[in-house]
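Down below is the structure, laid out as structure tokens.
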Amino acid sequence: MRLLQVSVKGTAGLLLSNVAYADPLGRFQPMKAYFTDKKGKSKTEGVHRAVRTLDWLFSGYWDKEGDVAVDENENNVGFENFADPYLPGANFQRCMRNAATKWKLGKDTLRAIVVTNNPFIEYDGPKDAVEMFNSRTPKFQLCSFTGRGVWVNRLLIPDWSVQFELMLDDEIMGTDQLRRIMKMAGKSEGLGTWRPRYGRFEVTDITEIEEV
């Protein structure tokens with residue numbers, strides 16, 4: 008068993024979508040529902056702006072979770088103390104597994120590889136969510152019309168890199184196979200959402216940390 012550090016650099020912007028914030032029992036979901044449940048004339052421009060703000064905030068994975076405040080009189084929303092976006096290791100695990108199916112190695116990948124960390128996303132720019140939301144250079148938002156017929160706003164990180172740590176069972180899979188799988192994953196799968204248009208990457212370095 009080997010413990011490896013894998014350095015990944017984006018070749019396309021990283022677009023995020025955190026399904027955890029869609030949990031109907033989550034503490035933030037009622038705040039979004041307050042706006043999305045409005046109908047007809049009550050769905051003002053302010054309501055649409057509030058939904059886009061929450062869409063953006065809740066699409067990110069934040070190591071520091073802050074607070075959200077809804078002003079029901081003004082139909083607007085504010086947030087503070089969200090910071091330090093990260094990428095779940097499960098995202099990289101899924102990415103490699105899907106790429107490995109090209110060589111019918113999907114199950115071997117699940118048995119041989121365990122991603123052990125949720126790395127911070129490295130990029131130039133602010134790490135505080137309020138500063139990121141208001142930034143124009145670089146811009147950390149992508150608002151788009153989906154196939155479901157709705158507008159969504161997502162956290163977009165234009166130039167990014169991450170360092171994953173993973174355990175590799177080299178009795179099941181060798182490092183050469185791993186490199187081939189990760190190369191394919193970077194080209195055809197990608198990380199984040201709306202892949203592979205977004206989230207494509209290249210592996211810049213694989214370093215053995217220790218043998219377990």
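In the working numbering, the protein residues as written are 8 to 219.
In this text, a Cβ means the ideal position worked out from N, Cα and C, and glycines have one as well.
Checklist entry - Do the CB positions of E196 and T18 come within less than 8 Å of each other? => result no
Checklist entry - Hey, G67 and P92 are a contact pair by Cβ (cut 8 Å); roughly how many whole angstroms apart? => result 5 Å
Checklist entry - Would A40 be called buried (16 or more neighbouring beta carbons within 10 Å of its own) or exposed? => result exposed
Item to check | Closest Cα partner of S142 within the set C150, I188, G132 | outcome: G132
Next on the checklist: Suppose contacts are defined by Cβ-Cβ distances below 8 Å. Is I213 in contact with V15 by that definition?
Outcome noted: no
Item to check | Collapsed DSSP secondary structure at Y130 in the structure displayed | outcome: coil
Checklist entry - Between I120 and W167, is the Cβ-Cβ spacing less than 8 Å? => result no
Next on the checklist: As a quick exercise: from D62, F171, H55, D135, pick the residue whose alpha carbon is nearest that of E81.
Outcome noted: H55
Next on the checklist: Does I188 come out as helix, strand or coil in the three-state DSSP assignment?
Outcome noted: helix
Checklist entry - So, is I216 buried or exposed, given that buried needs 16 or more other C-beta atoms within 10 angstroms? => result exposed
Next on the checklist: Considering just the uninterrupted stretch of the beta strand (DSSP E) at S66, what are its terminal residues?
Outcome noted: Where S66 is concerned, there is no enclosing beta strand (DSSP E), although the alpha helix (DSSP H) it sits in stretches over 52–66.
Checklist entry - So, W63 versus N160, is the Cβ gap smaller than 8 Å? => result yes
Next on the checklist: In this structure, how does DSSP classify T123 when only helix, strand and coil are distinguished?
Outcome noted: coil
Checklist entry - By DSSP, does W110 sit in helix, in strand, or in coil? => result helix
Checklist entry - Leaving out five residues before and five after L163 in sequence, what residues of the same chain have Cβ atoms less than 8 Å from its Cβ? => result G20, L21, L22, L23, K146, F147, Q148, L149, Y205
Checklist entry - In whole angstroms, what separates the C-alpha of A85 from that of V75? => result A small correction: the amino acid at residue 85 is Gly; Ala does not occupy that position in the sequence shown. Taking the straight line from one Cα to the other gives about 6 Å.
Checklist entry - Cβ of A136 within 8 Å of Cβ of F89? => result yes
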